[in-house]
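Below is one structure, written out as C-alpha cells; comments come after it.
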Amino acid sequence: MASLAGTAPMEFSRVPHPAPVPGASRQQAIADPGFGRIFTDHMISIDWDEASGWHSATLGPRVPLSLDPATAVLHYAQEIFEGLKAYKLDDGTMALFRPDANARRFNESAARLAMPALPEDTFVEAVRQLVLMDSDWFPDVAGGSLYLRPFMIATEPFLGVRPAKQYKFLVIASPAGNYFKSGSPAVSIWVSRDYTRAAPGGTGAAKCGGNYAASLVPQAEAIQRGHDQVVFLDAEEHQWIEELGGMNLFFVFDDGSLITPPLSGTILPGITRDSLITLAREEGLTVREERYSIDQWRQDAASGKLTETFACGTAAVVTPVGRVAGHDGEFTIGSGGPGQLTQRMRERLVAIQRGAAADPHGWVKRLA
Ligand SMILES: *Cc1c(COP(=O)(O)O)cnc(C)c1O
C-alpha cells in the first residue's frame, strides 16, 4: 500500500487478547447480532501529541478507556468518527468498500474540528488489521457484515477552550445483521419544523458526534409522533430539504431522473450517496445535485411527477421513504412501498459490495 512520501508505513504492535470470548459464546452472540450491540475482542489505538505526532499504534484487547475527568472531549466534544463495513465476498475473502474515501473524509472532519490529520494509509491499515484479527466475529447471517467504527477523541486534560494537544485514534468492530430484518420496508419520516441539523458555517459536513447529540431531540420527536426518522430542512429559509439524522436523500421522478440535495457545507458527503450518483449516471440516468423544497416535494408527490424517494447510508444501504409528515399535514410517496428504482439501486450497490457484480471503479478492497 502506498505511504505518504518520505514516511515509512506505521508499525502496529500486536497484543492478542489474553482471554478472548469463548467460541461458543461468540457464535451465540453473532447468530442474531442486531446493530451496534456486540463488539469483537480487539481494538486499534494510536496516540498523537505535538512532540511525537502519531505513535504507539497498537492492535490489542478491547478494554475500557481510562480518562482524566478533565479530558477535553468530555467537555467540548472534540470528537469525529467514521462508519464502514467489512463484507465477506462470495469467494470467502473479507473486503472493505471504498475505505480510502472514509480515510479522506475522516481528515476533512478532523480539519473542521481542529484535530490532527491521520495518514490515509494508516487509517486503512488500522481497519484492515482489526478485521483480519477478529474475522471469526464475522456474522454468517444474510446481509451480515462487520461494522467498523474508527474515531478520534481529544485526550488532553485541560479545561481551557482551544484545540487540545493530545489525541487518541481508535477503531472498534461490531458484528451487524441486516439493518432491516425483512428486506427494507418503506419508512415514514417526520419533517422537523422546530429544529435544524446544521447551519451554514457550522459542522454539518463533518462527521462529528456533536451533530448527532443535536439531532436526538428531533429524532425522538419523530418517533414519539409515530414515524421512523426525522428529516431536516435548511437553517436559513426552512424550506430546502437537507437530509435525515444520518442518511442522505434521493428523489426519483417519472422521467427516470433523480435529484439529491447538493453538498453545500451543511450536508454530510455520504459515500453511499456518491456511489449511487456514479451508478445512476452510468446507467444513463440524469442525476441533479440541486436544492429541492418541501413544498415542491409535496406537490410532486401529489401530481405523480415524483415517484420514489429513498435515503442512503452505510448502515442501512438504501431505504425507501413511503410517507412524509409535518405540521402542515402528510403525504404518501408512490404506493407508499419500496419503488422499483430504489430496489434496483440497492441491489446494484449490494452486488458490487459483495463481489457478485463487476467493480469497474475499484471500490472493493480485498483484505487478504
Ligand atoms: C455518515 C452519515 C451519512 C451517510 O454517509 P455514508 O458514507 O453513506 O455512510 C449521511 N448523513 C450523516 C449525517 C452521516 O453522519
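The sequence shown: position 219 = 296 (the numbering used here), numbered continuously. Even for Gly, the Cβ is constructed at its ideal location relative to N, Cα and C.
Inter-residue spacing [alpha-carbon to alpha-carbon] between residue i and residue j
{"i": "Ala-180", "j": "Gln-206", "result": "15 Å"}
{"i": "Ile-336", "j": "Ala-299", "result": "24 Å"}
{"i": "Phe-246", "j": "Asp-124", "result": "6 Å"}
{"i": "Thr-396", "j": "Thr-386", "result": "9 Å"}
{"i": "Ala-428", "j": "Gly-361", "result": "19 Å"}
{"i": "Val-294", "j": "Arg-274", "result": "11 Å"}
{"i": "Pro-338", "j": "Asp-351", "result": "12 Å"}
{"i": "Glu-320", "j": "Ala-393", "result": "15 Å"}
{"i": "Ala-435", "j": "Leu-173", "result": "15 Å"}
{"i": "Gly-287", "j": "Asp-405", "result": "29 Å"}
{"i": "Pro-234", "j": "Val-150", "result": "9 Å"}
{"i": "Lys-242", "j": "Ser-129", "result": "11 Å"}
{"i": "Val-268", "j": "Phe-328", "result": "16 Å"}
{"i": "Glu-359", "j": "Glu-366", "result": "16 Å"}
Helix, strand or coil at residue i [DSSP, three-state]
{"i": "Gly-406", "result": "strand"}
{"i": "Pro-176", "result": "helix"}
{"i": "Glu-424", "result": "helix"}
{"i": "Gln-316", "result": "coil"}
{"i": "Asp-124", "result": "strand"}
{"i": "Trp-440", "result": "coil"}
{"i": "Gly-350", "result": "One point to set straight first is that residue 350 is Arg, not Gly, in the sequence displayed. Helix at Arg-350."}
{"i": "His-94", "result": "coil"}
{"i": "Ser-133", "result": "strand"}
{"i": "Glu-359", "result": "helix"}
{"i": "Ser-80", "result": "With a pLDDT of only 44 at Ser-80, under 50, the local geometry of the prediction cannot be trusted, and no value is derived from it."}
{"i": "Leu-335", "result": "strand"}
{"i": "Met-210", "result": "helix"}
{"i": "Ser-143", "result": "coil"}
{"i": "Glu-366", "result": "strand"}
{"i": "Ala-163", "result": "strand"}
{"i": "Pro-196", "result": "coil"}
Any non-hydrogen atom of ligand 1 closer than 7 Å to residue i Cβ
{"i": "Leu-345", "result": "yes"}
{"i": "Gly-448", "result": "No answer is possible for residue 448: it lies beyond the span of the chain, which begins at 78 and ends at 445."}
{"i": "Glu-320", "result": "yes"}
{"i": "Asn-184", "result": "no"}
{"i": "Met-324", "result": "yes"}
{"i": "Gly-303", "result": "no"}
{"i": "Gly-342", "result": "no"}
{"i": "His-273", "result": "Checking the displayed sequence, the identity of residue 273 turns out to be Thr instead of His. Flag unset: Cβ of Thr-273 not near ligand 1."}
{"i": "Arg-425", "result": "no"}
{"i": "Arg-350", "result": "yes"}
{"i": "Gly-390", "result": "yes"}
{"i": "Lys-284", "result": "yes"}
{"i": "Asn-288", "result": "yes"}
Per DSSP, cross-strand counterpart(s) of residue i
{"i": "Met-229", "result": "Ile-157, Phe-246"}
{"i": "Ser-251", "result": "Tyr-224"}
{"i": "Leu-321", "result": "Val-308"}
{"i": "Trp-267", "result": "Val-307, Ala-402"}
{"i": "Phe-387", "result": "Phe-327, Pro-397"}
{"i": "Thr-148", "result": "Pro-234"}
{"i": "Pro-138", "result": "His-119"}
Contact with chain D by residue i, beta-carbon distance below 8 Å
{"i": "Arg-103", "result": "Given the protein chain composition of this structure (a single chain), no chain D is represented."}
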